[in-house]
Amino acid sequence: MFQGFAAPDSTEIFLCQGSPDGTAAWTREFGEGLEKPAAGPTAVIDHVNLAQPWQHFDEAVLFYTSALALEPQPFAEVPSPTGLVRSQVMATGDRAVRLVLNLAPLNQQRRTYQEHIAFAVDDLVATARDCTARGLAFLEIPANYYEDLAARFGLAPDFLATLRDLNLLYDRDADGEFLHFYTATVGSVFFEMVERRGGYDGYGAPNAPVRHAVQYDHLQHR
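First residue of the sequence shown: 6, per my numbering; consecutive thereafter.
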């Protein structure tokens, strides 16, 4: 039997106990599933991004601090076509659990605000090529983004061309590098694949305005 409770925004959280064989009991809810693939690259959840109504945002920070012992990190505000989006990271000390709470501008909350799950992989370029071959729809990044990357980081031309050809985004700080890409949005949900190199601990915040702009443009042209 699972124990569960609801967050201020009505997100349901269930506490699950593992089995002696190392499997989680909740996996039985999904039946036998597909045939287990052959050994190959694996992905683990890096972080989950949840949109918060403005009236529950501060309450949510207190909730996740007390209920799940997540520590609030310094928040950031990133521009979007409809205004500033406040991003509050909640994480365990070892970063095994990362939850990002986003407070969208009030005028954007009238629509369904997009949420996503990010998966971490060891080799994002190889993953992106494999996903492309399998027909996954990526978020298309404008060419001027890569011109800006070249000016800011002085990346090697071959590496920059790879990023551009695969619609990958890039960030770097004193601790390491961050590569990521986004899928197209289905309903109000999309997915992100990330690769952390070195001690990079952020979320690619400088790239968020680009992502918001592209998603907003797609929404306007539906």
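C-beta atoms are modelled at their ideal positions from N, C-alpha and C, and glycine is treated no differently.
- [ ] Compare the beta carbon distance of ALA189 and LEU144 with 8 angstroms and say whether it is the shorter of the two.
- [x] Within the sequence shown, residue 189 is the residue found at index 184, counting from 1. Within the sequence shown, residue 144 is the residue found at index 139, counting from 1. Contact: yes.
- [ ] Just list the alpha helix (DSSP H) runs in the region 46-111, keeping only unbroken ones of 4 residues or longer that don't cross its boundaries, in chain order.
- [x] 62-73
Open item on the list: If you follow the alpha helix (DSSP H) that LEU165 is in, where does it begin and where does it stop?
Closed with: Locating residue 165 in the sequence shown gives position 160, counting from the first residue. Taken as a continuous stretch (DSSP letters only), the alpha helix (DSSP H) holding LEU165 covers 162-171.
Open item on the list: Once the 5 residues before and after GLY204 are set aside, which same chain residues still bring their CB inside 6 angstroms of it?
Closed with: Numbered from its first residue, the sequence shown carries residue 204 at position 199. Correct list, in chain order: ASP180 and GLY181.
Task: Close-in-space but distant-in-sequence residues of the same chain around ILE146 (CB under 6 angstroms, 5 per side omitted) - done: Taking the first residue of the sequence shown as position 1, residue 146 is located at position 141. Contacts found: ASN172.
Open item on the list: By the DSSP assignment, the alpha helix (DSSP H) with ALA218 in it spans what residues?
Closed with: For this step, residue 218 is matched to residue 213 along the sequence shown. Unbroken alpha helix (DSSP H) run through ALA218: 213-225.
- [ ] Apply the 10 Å Cβ neighbour rule to ASN149 and answer buried if 16 or more other Cβ atoms are within range, or exposed otherwise.
- [x] In the sequence shown, counting from the first residue as 1, residue 149 sits at position 144. Exposed: under 16 other Cβ atoms inside 10 Å.
Task: Beta-carbon separation (whole angstroms), VAL126 vs ALA210, contact threshold 8 angstroms - done: Numbered from 1 along the sequence shown, position 121 holds the residue referred to as residue 126. Numbered from 1 along the sequence shown, position 205 holds the residue referred to as residue 210. Their Cβ separation, rounded to whole angstroms, is 20 angstroms, which puts VAL126 and ALA210 out of contact at 8 angstroms.
Open item on the list: Classify GLN93: buried if its beta carbon has 16 or more other beta carbons within 10 angstroms, exposed otherwise.
Closed with: Counted from its first residue, the sequence shown places residue 93 at position 88. Buried is the call here.
Task: Assigned exposure category for ARG103 - 16 Cβ within 10 Å defines buried - done: The residue labelled residue 103 in the question sits at position 98 within the sequence shown. So ARG103 counts as buried.
Task: Contact belief for HIS217 with PRO58 at Cβ below 8 angstroms, rounded distance in angstroms - done: Translated into the one-based positions of the sequence shown, residue 217 becomes position 212. Translated into the one-based positions of the sequence shown, residue 58 becomes position 53. Not confirmed; about 18 angstroms, so no contact.
Task: Proximity of PRO13 and ALA65 at Cβ, strictly below 8 angstroms - done: Taking the sequence shown and counting its residues from 1, the one referred to as residue 13 is at position 8. Taking the sequence shown and counting its residues from 1, the one referred to as residue 65 is at position 60. Yes; because the gap between Cβ atoms is below 8 angstroms, this pair is in contact.
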